[in-house]
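Encoded as structure tokens, the structure appears first; notes follow it.
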DNA sequence: CCGTATCCTGCTGGATACTG
DNA sequence: CAGTATCCAGCAGGATACGG
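Protein chains in written order, with full-length UniProt numbering: chain A, 1 to 131; chain B, 1 to 131.
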């Protein structure tokens, strides 16, 4: 075997290679902007439906419900209903959800770090001469 | 620069709070499954259009083109055209792209680690009694 | 081989209204 | 307050064709 790395472990994308694999399916489910925003804001702590809606901003009732159900189905978010009037429903990250939160935090950091690069690239793309 | 105080005490999602902020816009652009898959597979090294298409699998010509343009526009991917016949077009991650790759690698690792949790959660969701 | 354009279908996702 | 359902405009995204 080669001299490239000491350990010939599988590359990180190994399980994404087959489009019909479970890993690929989960990846495709979760890697969308609403899911990421929900995970990120829920990272602040347990929140009610309306609170979360307000925190995120710009998300419709329908999209929030739909994505929360998807995240619940995949065990990233736990839903707790308090049988009061009016009802109080709280959402919390599970352990898996907290794990994903670290990834999303990483993406937030990345956005911060490369904001300048990206803006520059955008103007270069609009006007290839000036760059 | 001098002794600037660390601003890292702000929560990671601070810049995502306003739905119309630049950070939020970039975040929303890039956090989608095709972009992530492209970044991840391009992490293996420079690739031609067709190669990348084959590696990813299950992506249409149109989606690949469209997302590659978006990533190029944001400076995550560099496009090199070799003026031969037939043409040879190669795509490479930029520094910013490599930075994002680390995040996506993190997500691949997360998927691996919680695959079992997620499968369990799914069956629990289908049949709340049995678990 | 790669890019762009066009067509067309089905799904996304917003707005609204009603229920408990 | 939260969930679900309905309606429907608009875009996503696949298939195809042609040009460089």
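Heads up, the beta-carbon is just placed ideally off N, CA and C, and yes, glycines get one too.
For residue i versus residue j, is the C-beta distance shorter than 8 Å?
{"i": "residue 112(A)", "j": "residue 105(B)", "result": "no"}
{"i": "residue 19(B)", "j": "residue 57(A)", "result": "yes"}
{"i": "residue 114(A)", "j": "residue 99(B)", "result": "yes"}
{"i": "residue 97(A)", "j": "residue 81(A)", "result": "no"}
{"i": "residue 74(A)", "j": "residue 124(B)", "result": "no"}
{"i": "residue 88(A)", "j": "residue 48(A)", "result": "yes"}
{"i": "residue 26(A)", "j": "residue 118(B)", "result": "yes"}
{"i": "residue 12(A)", "j": "residue 116(B)", "result": "no"}
Taking all protein chains shown into account, decide if residue i is buried (16 or more other Cβ within 10 angstroms of its Cβ) or exposed.
{"i": "residue 101(A)", "result": "buried"}
{"i": "residue 10(A)", "result": "exposed"}
{"i": "residue 126(A)", "result": "exposed"}
{"i": "residue 24(B)", "result": "buried"}
Could you tell me whether the Cβ of residue i comes closer than 8 Å to any Cβ of chain B?
{"i": "residue 11(A)", "result": "yes"}
{"i": "residue 73(A)", "result": "yes"}
{"i": "residue 93(A)", "result": "no"}
{"i": "residue 117(A)", "result": "yes"}
Distance check for residue j and residue i, CA to CA, integer angstroms please.
{"i": "residue 68(A)", "j": "residue 39(A)", "result": "10 Å"}
{"i": "residue 94(B)", "j": "residue 103(A)", "result": "20 Å"}
{"i": "residue 51(A)", "j": "residue 45(A)", "result": "11 Å"}
{"i": "residue 28(B)", "j": "residue 42(A)", "result": "17 Å"}
{"i": "residue 35(A)", "j": "residue 71(A)", "result": "7 Å"}
{"i": "residue 107(A)", "j": "residue 84(B)", "result": "38 Å"}
For chain A, is any of its Cβ atoms less than 8 Å away from the one on residue i?
{"i": "residue 112(B)", "result": "yes"}
{"i": "residue 123(B)", "result": "no"}
{"i": "residue 33(B)", "result": "yes"}
{"i": "residue 36(B)", "result": "yes"}
{"i": "residue 41(B)", "result": "yes"}
{"i": "residue 49(B)", "result": "no"}
{"i": "residue 44(B)", "result": "yes"}
For the UniProt domain "HTH hxlR-type" (19-119) of chain B, list the beta strand (DSSP E) runs that are entirely contained and at least 3 residues long, ordered along the chain. Runs found: 77-82 and 88-93.
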